[in-house]
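See structure below.
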Amino acid sequence: MTTSNPQAPTQAGVTPDEVREQVRNRYAQAATAVGRGVGNAELNVDLQVVDDCCGPTSCCSSDTTVDEAFGAALYSSGDQEELPAEAVAASLGCGNPTAVADLRAGERVLDLGSGGGIDVLLSARRVGETGFAYGVDMTDEMLDLARANAAKAGATNVEFRKGTIEDVPLPDASVDVVISNCVINLSVDKPKVLAEMFRVLTPGGRIGISDVVAEDHLSPADRAERGSYVGCIAGALSRTEYLEGLAAAGFSDAEVEFTHEAVPGMHGAIVRATKPAA
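Structure follows, in structure tokens:
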């Protein structure tokens with residue numbers, strides 16, 4: 001079993017700032033490609049090629065089924081039909097967190113790493129006019145795309161803010177639910193992300209996260225052999241690291257449920273936990 005430190009390493013010889021810039025560039029390229037009319041399947045293939053050349057500890061093997069493990073295919077046809085095509089095309093996640101977050105009318109929702117806005121827009125529909133959905137992203141190109149998608153969808157109960165998931169630009173206890181879709185694995189400071197989720201939640205609030213999670217027997221080196229950091233693989237936590245990290249942040253009732261295999265020994269997963277009400 002791996003150690004309990006919930007801080008996955010970066011690529012060998014690459015600083016955290018360099019990894020963050022690689023991530024920013026990857027998603028800026030994705031947003032620009034969607035603006036050119038590139039579809040979701042093409043986008044995932046194009047970005048996999050970029051990932052293969054992303055750094056000195058390269059990464060995604062040629063037989064990785066990116067199209068099935070990541071992207072819009074993980075949303076129902078009903079969800080996709082509700083949204084602008086550009087929001088669907090920009091989906092690069094590993095699940096559908098809005099399907100498991102049990103969103104209710106009137107709730108305030110925060111999406112960490114909101115990208116082209118697909119999960120924010122779906123959340124806004126679920127919480128209704130009395131609720132609100134925030135998206136936080138560090139990439140200007142994605143923020144521009146998300147805001148354009150919100151305008152096309154006619155969504156008035158949404159707001160996209162620039163920021164990092166390690167330093168969320170919202171006050172304490174300001175949201176009822178935090179969601180995220182295949183983004184926490186990209187952070188170079190995961191304990192800070194978990195602490196920020198806890199901070200912005202109201203007492204009794206909850207998280208519904210889609211992420212890539214490793215089986216406990218895989219070491220950080222094993223994970224790096226299976227894929228790149230910017231490809232959502234090398235930086236993934238193990239199941240035990242996730243659970244212990246959530247507990248250290250103050251969460252209760254944490255669980256990690258594997259949903260589908262992304263690469264051998266590593267899975268798309270749903271992560272749930274609650275901020276105690278007391």
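By the working numbering, the letter at position 63 of the sequence shown is numbered 63, and the numbering carries on one by one without gaps.
Beta carbons are placed, not taken as given, at the ideal position from N, Cα and C, and that holds for glycine.
Residue environment, residue i, which counts as buried when at least 16 other CB atoms sit within 10 Å
{"i": "D211", "result": "buried"}
{"i": "T137", "result": "Checking the displayed sequence, the identity of residue 137 turns out to be Asp instead of Thr. Buried: at least 16 other Cβ atoms inside 10 Å."}
{"i": "G117", "result": "buried"}
{"i": "D111", "result": "buried"}
{"i": "P264", "result": "exposed"}
{"i": "A224", "result": "buried"}
{"i": "P276", "result": "exposed"}
{"i": "E257", "result": "exposed"}
{"i": "T98", "result": "buried"}
{"i": "E21", "result": "exposed"}
{"i": "P16", "result": "exposed"}
{"i": "S114", "result": "buried"}
{"i": "G135", "result": "buried"}
{"i": "T156", "result": "exposed"}
{"i": "A146", "result": "buried"}
{"i": "A151", "result": "exposed"}
{"i": "G154", "result": "exposed"}
{"i": "A262", "result": "buried"}
Per DSSP, the bridge partner or partners of residue i
{"i": "G286", "result": "Not covered by the structure: residue 286. The range shown for the chain is 1 to 278."}
{"i": "A173", "result": "Note: A173 sits in no beta bridge, so no partner."}
{"i": "R108", "result": "F132"}
{"i": "V213", "result": "H267"}
{"i": "L103", "result": "Its beta-bridge partners do not exist; DSSP assigns none."}
{"i": "L122", "result": "In the DSSP output, where bridge partners are listed per residue, L122 has none listed."}
{"i": "L302", "result": "A question about residue 302 goes unanswered here, because the residues of the chain that appear run from 1 up to 278."}
{"i": "D167", "result": "T164"}
Supposed contact pair residue j and residue i - C-beta distance, whole angstroms, cut 8 angstroms
{"i": "I179", "j": "G208", "result": "5 angstroms"}
{"i": "K190", "j": "G268", "result": "The pair is not a contact, with the Cβ atoms about 17 angstroms apart (cut-off 8 angstroms)."}
{"i": "V175", "j": "L201", "result": "6 angstroms"}
{"i": "V271", "j": "Y229", "result": "Actually they do not touch by this definition, with Cβ atoms about 19 angstroms apart."}
{"i": "L121", "j": "V158", "result": "7 angstroms"}
{"i": "A28", "j": "T139", "result": "5 angstroms"}
Closest residue to residue i among the options (Cα-Cα distance)
{"i": "S123", "options": "V183, G113, T15, A105", "result": "A105"}
{"i": "A133", "options": "D119, G163, D140, L145", "result": "D119"}
{"i": "R239", "options": "Q29, A278, D216", "result": "D216"}
{"i": "L280", "options": "A278, T130, G115, L218", "result": "The displayed coordinates of the chain run from 1 to 278. Any statement about residue 280 would go beyond what the structure contains."}
{"i": "C232", "options": "G135, I165, N157, C182", "result": "C182"}
{"i": "R199", "options": "T98, R226, P16, A249", "result": "A249"}
{"i": "G235", "options": "M197, T156, N185, R226", "result": "N185"}
{"i": "M142", "options": "M266, R161, G128", "result": "R161"}
{"i": "A273", "options": "D253, V109, R126", "result": "D253"}
{"i": "V177", "options": "R206, G113, G128, A247", "result": "R206"}
{"i": "R125", "options": "G113, R108, T139, D140", "result": "R108"}
{"i": "D172", "options": "V19, R26, M197, T15", "result": "M197"}
{"i": "A222", "options": "K192, G128, V23, M266", "result": "First, the residue type needs correcting, since residue 222 is Asp and not Ala in the sequence shown. Nearest of K192, G128, V23, M266 to D222, Cα basis: M266."}
{"i": "E166", "options": "T156, N25, S187, A30", "result": "S187"}
{"i": "E255", "options": "R26, K192, V100", "result": "V100"}
{"i": "H260", "options": "A214, G227, S219", "result": "A214"}
{"i": "T164", "options": "L237, K192, A148", "result": "K192"}
Chain C within 8 angstroms of residue i, Cβ atoms only
{"i": "R20", "result": "Note that chain C does not occur in the displayed structure, where there is just one protein chain."}
Continuous beta strand (DSSP E) assignments of at least 3 residues falling wholly in the region 219-275: 252-263, 266-274
Sequence ranges, beta strand (DSSP E) only - wholly within the region 128-164, length at least 3: 132-137, 158-162
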